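**Student:**
Numbering (UniProt numbering), first residue to last: 1 to 245.
1. Using three-state DSSP, classify residue 170 as helix, strand or coil.
2. Curious, which full-length alpha helix (DSSP H) runs of at least 4 residues does the region 99 to 150 contain?
3. I'd like the span of the alpha helix (DSSP H) that includes residue 39, first residue to last.
4. If I measure Cβ to Cβ from residue 176 and keep anything under 7 Å in the same chain, skipping five residues before and after, which residues do I get?
5. Considering only C-alpha positions, which residue in the set 37, 24, 21 and 22 is nearest to residue 181?
6. In whole angstroms, what is the alpha-carbon distance linking residue 68 and residue 34?
7. Measure the CB-CB distance between residue 231 and residue 211 and report whether it falls below 9 Å.
8. Comparing C-alpha positions only, which one of 87, 166, 26 and 66 sits nearest to residue 96?
9. Using 8 Å as the Cβ pair cut-off and three pairs as the minimum, do the region 36 to 54 and the region 142 to 155 touch?
10. Give the single residue among 132, 156 and 41 whose Cα lies nearest to the Cα of residue 187.
11. For the beta strand (DSSP E) that contains residue 205, what are its first and last residues?
12. If residue 102 sits next to residue 77, beta carbons under 8 Å apart, how far is it from one beta carbon to the other, in whole angstroms?
13. Report yes or no: do the region 104 to 117 and the region 78 to 94 share at least 3 C-beta pairs separated by less than 8 Å?
14. Since I believe residue 167 is in contact with residue 184 (beta carbons under 8 Å), could you give me their beta-carbon distance rounded to a whole number of angstroms?
15. Looking at C-alpha atoms only, which residue of 73, 197, 215 and 27 is the closest neighbour of residue 123?
16. Tell me where the alpha helix (DSSP H) around residue 189 begins and ends.
17. For the beta strand (DSSP E) holding residue 61, just list the boundary residues, first then last.
18. To the nearest angstrom, how far is the alpha carbon of residue 28 from that of residue 127?
19. Residue 41: which of 153, 86 and 228 sits nearest, CA to CA?
20. With C-beta atoms as the reference, is residue 201 less than 9 Å away from residue 88?
21. For residue 207, count neighbouring Cβ atoms within 10 angstroms of its own Cβ and tell me buried if that reaches 16, exposed if not.
22. Among residues of its own chain, excluding the 5 on either side of residue 217, which ones have a beta-carbon nearer than 8 Å to its beta-carbon?
23. In this structure, does DSSP put residue 232 in helix, strand or coil?
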């Protein structure tokens, strides 16, 4: 996709914004940006939404942070501090604050871990993981996203069957906002090559057989040959925390 075509899209959407709602913008952008590069998609998002754009990061790595900060320095990065993270994940967050030109915002649940255990009993993550994820991830993110019109996510189509149909730009009906997935078409090789070529910060747990990193109680190491996400909620009928459903 040429830069000129991207500019045409941006100008057209700006002219139409008064008449079109966000869903109309999504429909047009999803079609025109499907074959665009990740940086082109991010440039469109930054030009369209300005300071009403943010991104989310689990601090598994800083790939998305690296990409977006190249286009929009100082962008807000929402990090959901569940209270159950590995020390390495918190360390990666702290390193991101030092290395990248971004504004990391810690998003916290309404209850501390101790308060949740007092009110709902211990080890809710083992008894009712869906509720635990909702209370410690989904609800806090919903609240944190309220000031924005659009958010950038790092999900990819090849990660799981539940993500195979994601578009590079889509309507987040649950939150009534635009969701941008600039690396939706990337493969694991694309990810690995970009991080190696650009010296992207990575959570050290990746080097200890944790290819997918979530909360410590619900994440285990993955053996060679296993699905990369098999270490998440192992032994449970659960594959997603709910943020992207």
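Glycine included, every Cβ here is placed at the ideal spot set by N, Cα and C.
Just so you know, these numbers come straight off a predicted model, no measurement behind them.
**Tutor:** According to the structure data:
1. Residue 170: strand per DSSP, three-state reduction.
2. 113 to 120, 124 to 127, 129 to 133 and 139 to 144
3. 38 to 49
4. Taken in chain order, the list of residues that qualify is empty.
5. 37
6. Computed Cα separation, rounded: 18 Å.
7. yes
8. 66
9. yes
10. 156
11. Careful: residue 205 lies outside any beta strand (DSSP E) and carries neither H nor E.
12. Yes, residue 102 and residue 77 are in contact; Cβ-Cβ is about 5 Å, under 8 Å.
13. yes
14. 7 Å
15. 215
16. Unbroken alpha helix (DSSP H) run through residue 189: 188 to 198.
17. Neither: residue 61 is in no beta strand (DSSP E) and is coded neither H nor E.
18. 43 Å
19. Out of 153, 86 and 228, 153 has the C-alpha closest to the C-alpha of residue 41.
20. no
21. exposed
22. 84, 123, 125 and 126
23. strand
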